[in-house]
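Numbering (my numbering), first residue to last: 1408 to 1771.
This is the structure in structure tokens:
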């Protein structure tokens, strides 16, 4: 008997043809929550993209990002001619690119391997030019309504919950050791018997930090992409509040006793500064750990936080890897410096996280 392949449809509809095309495209991490089955058509005419819009694009030139992170975290090689599914977003990365959502659907840039389409305005001297992409079309429903990441976002309940204790990790800059610090906290607290949830509240869409938290023992690890944002650069205060309350609510409903949250970039980055100040006013966080690259950064950061009524539970980050630098930071700031080994130790990390409670008890 001769077996012949059965076609999906003798006369496929426009929507069916689109679904076949999307299935063959390389889908980026930022779009992992999007239900592609809702895509009925591609639209271009008269459209101006906004942050979060989902787009089918074609790679026209390989630049800085030669790989794209898929929805499972694998970084796949890109080739000229590849069709990719990404989301529009702004980017602020001092060691890479500054980029903004363009006002047209002309050629633009892949400014993050996690899948962010944007138009680069400035770049670090050590960066290549960004990978170039041409827009095939925005994904839309049958009515022509553009599909956006926010359509699939987690949102806080009308009466949002929060874990019993929330510890925020902030830092002096990119690459100061914030994610390593947060991962250390998650691991140590997990070893101490707590159910720990983790969230990255701001940044640019990529799965690496989430995998770090899950590997460290987090019962749930989520980020701003779960809240419908490819990145958080240029998100206003109301949007930042929605992200924070929504993610904390989800962690609480997942059963987390303690949440460890990371805020991207350094304290001088606009959204970071706004979120820290807002969180302090609203009482969203119960304590802060400050990650710095060196002693001078530690001193500035501790002073910046003190001006806003925040005394960090500890200093950590890259500065903790050097005993001499750690000593400078501890003397200057009059704060403990926690090494990665201490963060991962169940006894030591419990003393750090509950340090303020212990000080209150001693004073009483």
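By construction, the Cβ of each residue, glycine as well, lies at the ideal position given by its N, Cα and C atoms.
In this text, all values refer to a predicted model and were calculated from it rather than measured experimentally.
task: Look at residue 1525 and residue 1506 and say whether their C-beta atoms are less than 8 Å apart.
output: yes
Sequence-distant residues of the same chain with beta carbon closer than 6 Å to residue 1720, five excluded per side: 1694, 1696, 1759 and 1762
message: If distances are taken between C-alpha atoms only, which option among 1561, 1726 and 1678 comes closest to residue 1584?
response: 1726
query: Helix, strand or coil for residue 1408 per DSSP?
result: At residue 1408 the pLDDT is 42, less than 50, meaning the model places this residue with poor confidence and gives no usable figure here.
query: Straight-line CA distance for residue 1647 to residue 1739?
result: 33 Å
- prompt: So, is residue 1425 buried or exposed, given that buried needs 16 or more other C-beta atoms within 10 angstroms?
  reply: buried
query: So, using beta-carbon positions, are residue 1542 and residue 1462 closer together than 8 Å?
result: yes
message: Using only the alpha-carbon positions, how far apart do residue 1449 and residue 1544 sit?
response: 5 Å
- prompt: If residue 1498 sits next to residue 1639, beta carbons under 8 Å apart, how far is it from one beta carbon to the other, in whole angstroms?
  reply: Contact flag wrong, Cβ pair sits at about 10 Å.
message: Quick check for students: name the residue ranges of the beta strand (DSSP E) that lie wholly in the stretch 1496–1573, counting only runs of 3 or more.
response: 1504–1507, 1515–1519, 1523–1530 and 1538–1547
query: Is it buried or exposed for residue 1771, if we count other Cβ within 10 angstroms and need 16 for buried?
result: Reliability of the predicted coordinates at residue 1771 is poor, the pLDDT of 49 falling under 50, and the value obtained from them is presented with this limitation in mind. Residue 1771 should be labelled exposed.
query: With distances taken from CA atoms, which of 1688, 1569, 1731 and 1513 is nearest residue 1451?
result: 1513
message: Would residue 1540 and residue 1439 qualify as a contact pair, given that the criterion is a beta-carbon distance under 8 Å?
response: no
query: Who are the near neighbours of residue 1628 in its chain, counting only those whose CB is closer than 7 Å to its CB and skipping five residues on each side?
result: 1605, 1617, 1620 and 1621
query: Can you tell me whether DSSP reads residue 1746 as helix, strand or coil?
result: coil
- prompt: Mind checking residue 1457: buried by the 16 CB within 10 Å criterion, or exposed?
  reply: exposed
task: Spatial neighbours of residue 1723 within its chain, please: CB distance less than 6 Å, with the 5 preceding and 5 following residues excluded, ordered by chain position.
output: 1588, 1696, 1698 and 1745
Inter-residue Cα distance where the pair is residue 1645 and residue 1676: 17 Å
Cβ-based burial, residue 1580 [other Cβ within 10 Å; buried from 16]: buried
- prompt: Looking only at its own chain, which residues have a Cβ that is under 6 Å from the Cβ of residue 1429, when we skip the five neighbours before and after it?
  reply: 1443
field: Spatial neighbours of residue 1626 in its chain, beta-carbon cut-off 7 Å, leaving aside the 5 residues before and after
entry: 1602, 1603, 1604, 1661, 1662 and 1663
message: Looking at the secondary structure, which residues open and close the beta strand (DSSP E) in which residue 1465 lies?
response: 1461–1468
field: Counted within 10 angstroms of its Cβ, other Cβ atoms place residue 1481 as buried (16 or more) or exposed
entry: exposed
task: Count the other CB atoms, across all protein chains shown, that sit within 10 Å of the CB of residue 1538; report buried if there are 16 or more and exposed otherwise.
output: buried
message: With H, G and I counted as helix, E and B as strand and the rest as coil, what does DSSP make of residue 1665?
response: strand
message: Can you give me the C-alpha to C-alpha distance between residue 1477 and residue 1679, rounded to a whole angstrom?
response: 27 Å
query: Would the stretch 1700–1710 and the stretch 1664–1671 be scored as touching if the rule is three or more Cβ pairs under 8 Å?
result: no
Nearest-angstrom beta carbon gap, residue 1659 and residue 1570 [assumed within contact, 8 Å]: 5 Å
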